[in-house]
Amino acid sequence: MKKASHESQSPFSLPTKPLLIVLSGPSGAGKDALLARMKQSGYPLEYITTVTTRTQRAKERDNVDYHFISTGKFQEMIKNNELLEWANVYGNWYGVPRQPVKQALDRGQDIIVKVDTQGAATIKKILPEAVFIFLIPPSMEELVMRLNQRHTESPFDLALRIKTAEAEIKQLPLFDYIVVNKRDEVDLAVSDIKAIITAEKCRVSPRKITL
Numbered sequence: 399m400k401k402a403s404h405e406s407q408s409p410f411s412l413p414t415k416p417l418l419i420v421l422s423g424p425s426g427a428g429k430d431a432l433l434a435r436m437k438q439s440g441y442p443l444e445y446i447t448t449v450t451t452r453t454q455r456a457k458e459r460d461n462v463d464y465h466f467i468s469t470g471k472f473q474e475m476i477k478n479n480e481l482l483e484w485a486n487v488y489g490n491w492y493g494v495p496r497q498p499v500k501q502a503l504d505r506g507q508d509i510i511v512k513v514d515t516q517g518a519a520t521i522k523k524i525l526p527e528a529v530f531i532f533l534i535p536p537s538m539e540e541l542v543m544r545l546n547q548r549h550t551e552s553p554f555d556l557a558l559r560i561k562t563a564e565a566e567i568k569q570l571p572l573f574d575y576i577v578v579n580k581r582d583e584v585d586l587a588v589s590d591i592k593a594i595i596t597a598e599k600c601r602v603s604p605r606k607i608t609l
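Per the working numbering: the sequence shown ends with 609, consecutive numbering throughout.
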């Protein structure tokens, strides 16, 4: 007699739902570095590229780090409801394209998007079942040092980013998890993100994301 397969007939083999992971945090927290390391590790996530009107920085790649577009094109995308969320940050527009998020969810693929706290608040209203993660450095002093070392902002813009960061940190109750990104230890932060995803996959009542 053929032995029954417990794996195929187990009542505990429940299908998992795709996750939408929303990663946010102040400028200088290391969001881009963390996402780059996750991609390098081959972790199976759909990485949604943000659309922005900001000027492309040195070493940034169009359609990889961001989709760099004109202000006119951005406004057209808003008009056509092509953005899941959008916000004006430091005088530039940023937005998350809707279609690739919907397509990934329909395929059952886990997704991660990077947004500022305004964007996270907007997504929370639209998709409250998303997983919200706040990335921060170990201290405000560390954050200021990182921003200074980037040499990408004028003194005025730098002061504005520091002030904004202080306000953004106060939005922590909006999030489900906090991950500390220590200097030269981005792999630990990546491990924390992966652990959060693993924990979410083990929930008795899975999150249900519908777009």
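Beta carbons are placed, not taken as given, at the ideal position from N, Cα and C, and that holds for glycine.
Handout entry: Closest Cα partner of Thr-596 within the set Ala-456, Pro-442 and Thr-450
Key = Pro-442
Problem - Bridge partners - Lys-512, DSSP secondary structure assignment - result: Leu-421
Problem - Beta-carbon proximity check, Val-449 vs Gly-493, cutoff 7 Å - result: yes
Exercise for the section: With a 10 Å radius around its C-beta and 16 neighbouring C-beta atoms as the bar for buried, classify Glu-566 as buried or exposed. Expected result: buried
Problem - Whole-angstrom distance between Arg-548 and Ala-456, CA atom to CA atom - result: 11 Å
Handout entry: Per-residue DSSP class, three states only, for Ile-591
Key = helix
Problem - Glu-483, buried or exposed, once every other Cβ within 10 Å from all chains shown has been counted against 16 - result: buried
Exercise for the section: Confirm the yes/no value for this check: CB of Lys-568, any heavy atom of the ligand HEM, distance under 6 Å. Expected result: As presented, the structure is devoid of all ligands, the ligand HEM included, so that no description of it is given.
Problem - Whether Leu-481 touches Ile-607 by CB criterion (7 Å) - result: no
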